Amino acid sequence: MKPHDLCLSRTLSLSLWNVSPHQGRATYSDKLFKFRNGRFEDLLSDDINEHRDVANRMAGRSVACVDRKGTGRYAIYIANYASGTVGPHGLIEMDETASDLSQGVIALSSVAEQAGVNKFTGGRGVVVGPIVSQTLSDVFCDNEYGPNFLFRNNGDGTFTDVAQQTGVEDPMQHGRGVALADFNRDGKTDIVYGNWNGPHRLYMQQNNRKQKFKDIASQKFAMPSPVRTVIVADFDNDNELEVFFNNIAYRGPSANRLFRVSRREHGDPQIEELNVGEASEPEGRGTGAVATDFDGDGHLELLVSHGESAAQPLSVYKVNQGSTNSWLRVIPRTKFGAFARGAKVVVYTKKTGPHTRIIDGGSGYLCEMEPVAHFGLGKDVATNVEVYWPDGRSVARPLEPSEMNSVLEIHYPRDEEEITATTEIECGHGFALNENGRCTGKLTGFVSLLTKTGYENGCKSPSL
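If you use the numbering used here, the sequence shown closes out at 502, no skipped numbers anywhere.
Here's what the structure looks like:
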């Protein structure tokens, strides 16, 4: 089950996708619930949608929200598990001309073929964000019994699969949980995912024009396991990212694992396995996990769900370390006031430079993370924040010391002709301010995207 904002407002919708049988046609259809008339009602069962071929009756694994045209309106990407030529990946969205929001009438259309994503495979995990595009929403799918997909957004609502040319096909493995991050803080989006009883991957996007990825997973990191969910988060707020692998006790114990991935100025990030404590759950039948701030204290909790082959209760864990570390949480909003899934948030700090988070519209496999950019700061101080929406619009503003350890909401810029001035930036160690007033990594070549509103690929984006 995943929440999203299909109807362009703060009204919550819920999508339920079926996972039975294992592949091909299912015995019942997906559900898409909207809260209306004082209750949750299934949009796919509405009379207007009954004959529009949108009630997916295939075995599905993951769903994601995709602002494919940069309009602030989401389509729903469905990673089906095909059987031969039955059950391609799906994409549905609201048909604006046939809908009447004032009357609660929402007509849906299947646009997977039009968008170029109706491919057949054993679909598993899905993540959404500006992966190889600067701001447009791309889609990465790690699959089973077939190559992965990396759909680059063409800027017109269609996609091109560039997985082979970027080096992330991994055709002999069986993907599960997947997440996006910028581990070496070079401004490029990296991909980390787990393969079912196969080598786990940490694909770093290389700093060149070819947009190639390189797997830098260490031997311990890559160690095969019956993995389900993969989470990237800063659990102890120490200014470095951790990667959590949630495993299922499949044919024997299989402990969850935790790694810290730290930026190094003169090479690939350092990967260090950490003691995950009670959250190791060697006998846990893990089926999903999420990191979120349940109690609002600025420190992430870890929730792990269990089931499938045995009934086990939910687990909730809190990290003991880092209680005095600073933090910042940023919530970007769309022009309609919804969570801005697909947005990129960059926070600059005095000592360690830029830190990037993607508000992912998918968040992997059988679960979804919170639509909040969480930054652990350690003893560092954040000086500026930048937000980039999928259409290329951007906002930047300096941060005051009093705004540390707080939650900031950043609203979409209202003025269509607004030019966002570059703010004075303290780049931090390993980064330098170039002649254009942007942070450039001395080795990695990180460049702040923010200058002024311009045009690229037929939609608004920052000029470089």
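We treat Cβ as the ideally placed atom computed from N, Cα and C, and that holds for glycine.
Bear in mind the structure is a predicted one, so any value in this text is a computation, not a measurement.
Residue from 356, 450, 342 with nearest C-alpha to residue 350
The sequence position of residue 350 within the sequence shown is 312, counting from 1. For residue 350, the nearest C-alpha among the options comes from 342.
Neighbour-count burial assignment, residue 344, 16 or more Cβ in a 10 Å radius:
For the purposes of this step, residue 344 is taken as the residue at position 306 of the sequence shown. Buried: at least 16 other Cβ atoms inside 10 Å.
Hey, residue 431 and residue 112: beta-carbon distance below 8 Å or not?
If you number the sequence shown from 1, residue 431 lands on position 393. If you number the sequence shown from 1, residue 112 lands on position 74. In this structure, residue 112 does not lie closer than 8 Å to residue 431 by Cβ.
What's the C-alpha gap between residue 258 and residue 222?
Mapped onto the sequence shown, residue 258 falls at position 220. Mapped onto the sequence shown, residue 222 falls at position 184. When rounded, the distance between both Cα atoms is 19 Å.
Buried or exposed, going by whether 16 or more other CB atoms sit within 10 Å of the CB of residue 263?
Indexing the sequence shown from 1 puts residue 263 at position 225. Label assigned to residue 263: buried.
Between residue 205 and chain C, is any beta-carbon pair separated by less than 8 Å?
Among the chains of the structure shown, chain C does not appear; only one protein chain is present.
According to DSSP, simplified to helix, strand and coil, what is residue 390?
As a first step, residue 390 is located in the sequence shown; it is residue number 352 there, counting from the start. DSSP places residue 390 in coil when its eight states are reduced to three.
Rounded separation between residue 417 and residue 254 - CA only:
As a working mapping, residue 417 is identified with position 379 in the sequence shown. As a working mapping, residue 254 is identified with position 216 in the sequence shown. So the alpha carbons of these two residues sit roughly 28 Å apart.
Please classify residue 139 as buried or exposed, where buried requires at least 16 other C-beta atoms within 10 Å of its C-beta.
On the sequence shown, position 101 is the one that residue 139 refers to. Exposed, by the Cβ-count rule.
Do the segment 352–361 and the segment 270–280 make contact, defined as three or more Cβ pairs closer than 8 Å?
Per the Cβ contact rule, the segment 352–361 is in contact with the segment 270–280 (3 or more Cβ pairs under 8 Å).
Less than 8 Å between C-beta atoms, sequence neighbours within five positions excluded: which residues of the same chain meet that for residue 118?
On the sequence shown, position 80 is the one that residue 118 refers to. Contacts found: 94, 96, 97, 98, 99, 125, 126, 127, 128, 161.
What is the rounded straight-line gap between the Cα of residue 229 and the Cα of residue 148?
As a first step, residue 229 must be located in the sequence shown, where it is residue number 191. As a first step, residue 148 must be located in the sequence shown, where it is residue number 110. Residue 229 and residue 148: Cα-Cα distance of roughly 28 Å.
What does the alpha-carbon distance come out to for the pair residue 421 and residue 206?
Locating residue 421 in the sequence shown gives position 383, where the first residue counts as 1. Locating residue 206 in the sequence shown gives position 168, where the first residue counts as 1. Going by C-alpha positions, residue 421 is about 35 Å away from residue 206.
Residue from 425, 429, 442 whose Cα sits closest to the Cα of residue 435
The residue labelled residue 435 in the question sits at position 397 within the sequence shown. For the residues 425, 429, 442, the minimum Cα distance to residue 435 belongs to 425.
Just the C-alpha distance for residue 321 and residue 340, rounded to the nearest angstrom, thanks.
Counted from its first residue, the sequence shown places residue 321 at position 283. Counted from its first residue, the sequence shown places residue 340 at position 302. Distance from the CA atom of residue 321 to the CA atom of residue 340, rounded to whole angstroms, is 17 Å.
Who are the Cβ neighbours of residue 220 in its own chain at under 7 Å, not counting the five residues just before and after it?
Translated into positions along the sequence shown, residue 220 becomes position 182. The beta carbon of residue 220 lies closer than 7 Å to those of 226, 227, 228, 394 in the same chain, with the five residues before and after it left out.
Can you tell me whether DSSP reads residue 123 as helix, strand or coil?
Here residue 123 is taken as the residue at index 85 of the sequence shown, counted from 1. Taken through DSSP and simplified to helix, strand or coil, residue 123 comes out as coil.
I'd like to know if the segment 169–178 and the segment 385–393 are in contact, where contact means that at least 3 CB-CB pairs between them fall below 8 Å.
Fewer than three beta-carbon pairs drawn from the segment 169–178 and the segment 385–393 are found closer than 8 Å, and the two stretches are therefore not classed as touching.
Rounded to a whole number of angstroms, what is the C-alpha to C-alpha distance between residue 301 and residue 245?
Here the question's residue 301 lines up with position 263 in the sequence shown. Here the question's residue 245 lines up with position 207 in the sequence shown. Approximately 15 Å, taken between the alpha carbons.
My guess is that residue 165 and residue 216 are in contact by the Cβ rule of under 8 Å, so how many angstroms apart are they, rounded?
Here residue 165 is taken as the residue at index 127 of the sequence shown, counted from 1. Here residue 216 is taken as the residue at index 178 of the sequence shown, counted from 1. The Cβ separation is near 5 Å, so the contact holds.
Residue 278, DSSP secondary structure in three states
In the sequence shown, residue 278 corresponds to position 240, counting from 1. The three-state reading of DSSP puts residue 278 in coil, since its state is none of H, G, I, E or B.
Assigned exposure category for residue 211 - 16 Cβ within 10 Å defines buried
For the purposes of this step, residue 211 is taken as residue 173 along the sequence shown, with counting starting at 1. When all chains shown are included, residue 211 counts as buried.
Tell me whether residue 141 sits in a helix, a strand or coil according to DSSP, three-state version.
What you label residue 141 is simply residue 103 of the sequence shown in a count that begins at 1. For residue 141, the three-state secondary structure derived from DSSP is helix.
Using DSSP with H/G/I as helix, E/B as strand and the rest coil, what is residue 397?
The residue you call residue 397 lines up with position 359 of the sequence shown. Three-state result, residue 397: coil.
DSSP beta-bridge partners of residue 465
Start at 1 with the first residue of the sequence shown, and residue 465 comes out as number 427. Looking at the DSSP assignment, residue 465 forms no beta bridge with any residue, so it has no partner.
Contacts around residue 413, its chain only, beta-carbon distance under 6 Å, and the 5 residues preceding and following it disregarded
Within the sequence shown, the letter at position 375 stands for residue 413. So the list reads 366, 385, 393, once near-sequence residues are dropped.
Take residue 157 and list the residues in its own chain whose beta-carbon comes closer than 7 Å to its own, dropping the five residues that flank it on each side.
Position 119 of the sequence shown holds residue 157. Hits under 7 Å: 126, 127, 187.
Please classify residue 122: is it buried, with 16 or more other beta-carbons within 10 angstroms of its beta-carbon, or exposed?
Position 84 of the sequence shown, counted from the first residue, corresponds to residue 122. With fewer than 16 other CB atoms across the displayed protein chains lying within 10 angstroms of its CB, residue 122 is exposed.
Please state whether DSSP places residue 292 in a helix, a strand or coil.
Your numbering for residue 292 matches position 254 in the sequence shown. DSSP, reduced to helix, strand and coil, places residue 292 outside both helices and strands of the structure shown, so it counts as coil.
To the nearest angstrom, how far is it from the Cα of residue 192 to the Cα of residue 110?
Residue 192 sits at position 154 when you count from the first residue of the sequence shown. Residue 110 sits at position 72 when you count from the first residue of the sequence shown. When the Cα atoms are used, residue 192 and residue 110 turn out to be separated by approximately 17 Å.
With a CB to CB cut of under 6 Å and the five nearest residues on each side skipped, what residues in its chain are close to residue 369?
Here residue 369 refers to the residue found at position 331 of the sequence shown. Once the five neighbours on either side are set aside, the close Cβ partners of residue 369 are 410, 447.
To test your reading of the DSSP string, which unbroken beta strand (DSSP E) runs of 3 or more residues are found completely within the segment 291–330?
Entirely contained in the segment 291–330, the beta strand (DSSP E) runs reaching 3 residues are, in chain order, 295–302, 305–312, 324–330.
What's the gap between the Cα of residue 438 and the Cα of residue 364?
The count along the sequence shown starts at 1 and reaches residue 438 at position 400. The count along the sequence shown starts at 1 and reaches residue 364 at position 326. Computed Cα separation, rounded: 14 Å.
When we look at the beta-carbon of residue 328 and count the other beta-carbons within 10 Å, is it buried (16 or more) or exposed?
Walking along the sequence shown from the start, residue 328 turns up at place 290. By the neighbour-count rule (16 or more Cβ atoms within 10 Å), residue 328 is buried.
C-alpha gap between residue 317 and residue 241, whole angstroms
On the sequence shown, residue 317 is found 279 positions in, with the first residue counted as 1. On the sequence shown, residue 241 is found 203 positions in, with the first residue counted as 1. In a straight line, the C-alpha of residue 317 is about 25 Å away from that of residue 241.
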